[in-house]
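Student: Pasting in a structure now, in C-alpha cells, and then I'll have a few things to ask.
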Amino acid sequence: MSKAAIVTGLFLLTYLINLPFGSLRGRARKFSLKWFLYIHIPIPAIFLLRVLSHVEFRYVPVFVFAAVMGQFHGGKLQA
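The sequence shown begins at 8 in the numbering used here and counts up one residue at a time.
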C-alpha cells in the first residue's frame, strides 16, 4: 500500500475518532476535567495507529490538523 494511502486513511480515522469526542466536549463545561479529557483521550489511540502503520513523525502536523477539525466539527454537531 502506498504511503499516501496510509496517511490519507490515518487522517480520516483521526478525524472520525475525534468527532464524537468533540461532540462530548461541546456539552462539557469549558476547562473542566471532562472537557480536558474529551480533548486528550483520543491522542494515545492516534499515536498507536501512527506507530503501528510506520508513518514518520513528519506527518504529525497533518494528524493534529485532522484531530482539531474533528473536535471542531464534533462540537458543532451537538448544537
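Positions of the beta carbon are idealized from the N, C-alpha and C atoms, including for glycine.
Count the other CB atoms within 10 Å of the CB of Ala73; is the residue buried (16 or more) or exposed (fewer)?
Tutor: Ala73 should be labelled buried.
Student: Evaluate contact between the stretch 62-70 and the stretch 29-46, counting only Cβ atoms and requiring at least three cross-stretch pairs below 8 Å.
Tutor: With a cut-off of 8 Å, the stretch 29-46 and the stretch 62-70 do not count as touching, because too few Cβ pairs lie within range.
Student: Identify, in the order they occur along the chain, each residue of the same chain with its Cβ nearer than 7 Å to the Cβ of Ile48, setting aside the five sequence neighbours on each side.
Tutor: Phe28.
Student: What's the gap between the Cα of Leu57 and the Cα of Leu44?
Tutor: According to the sequence shown, residue 57 is Arg rather than Leu. For Arg57 and Leu44, the distance between alpha carbons rounds to 21 Å.
Student: Which same chain residues end up closer than 6 Å to Leu59 when comparing Cβ atoms and leaving out the 5 residues on each side of it in sequence?
Tutor: So the list is empty, once near-sequence residues are dropped.
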